Amino acid sequence: MENALNAAQVLFTANPLFLAPQAEYLWGAQGRILDEVERFSSAWFRRRHEAAQSLIEASRRIVAEGRADPASAMKEIADWQHGSMERLREDAQEYSRMLGNCATAFSGNDVEAAEETGETAKRIAKPGKSKSG
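Take the sequence shown: its position 28, counted from the start at 1, is 365 in my numbering, and no numbers get skipped.
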């Protein structure tokens, strides 16, 4: 049994017919993962920009109204914090979604690559017709 496994290992690692499908699926998975990370990063930066803009606007309202009404200033701060917590919640949801999609890209590719490698192995291993009867 060990000899058969060693022979198969040599066959699979040394044969470029097996490497091409593996590499192709790896590149495909890498492309999907990069797309997922880009999508997450873009949304994350958009939310940070919204946080900065909303803080600037809240600060302006606090400066304009806060001296006369401290309760109004506290409400502005609380509203901004609420918005920030919502953005953090969105970050966590998007991050979780990104990780799931990245895992799916790799696991789905592993299955497809293994199936294609198995089919290639069957084609290569088909016994030829023997000339001696």
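In this text, a Cβ means the ideal position worked out from N, Cα and C, and glycines have one as well. Computed from a prediction, not measured in an experiment: that's the story for all the values here.
If you check the CB distance, ALA440 and ALA366 do not come in under 8 angstroms. The beta carbon of GLU373 sits closer than 7 angstroms to the beta carbons of MET435, ASN438, CYS439 from its chain, once the five residues preceding and following it are set aside; these are given in chain order.
TRP364 and HIS386 have their alpha carbons spaced roughly 33 angstroms apart. When secondary structure is reduced to three states using DSSP, ARG369 falls in the helix class. The beta-carbon separation of ARG384 and GLU427, rounded to 6 angstroms, stays under the 8 angstroms limit for a contact.
Looking at the backbone, the Cα of ALA360 and that of GLU453 are separated by about 12 angstroms.
Close CB contacts of ARG369 within its chain, under the 8 angstroms cut and outside five residues either way in sequence, are with ASN438, CYS439, ALA442 (chain order).
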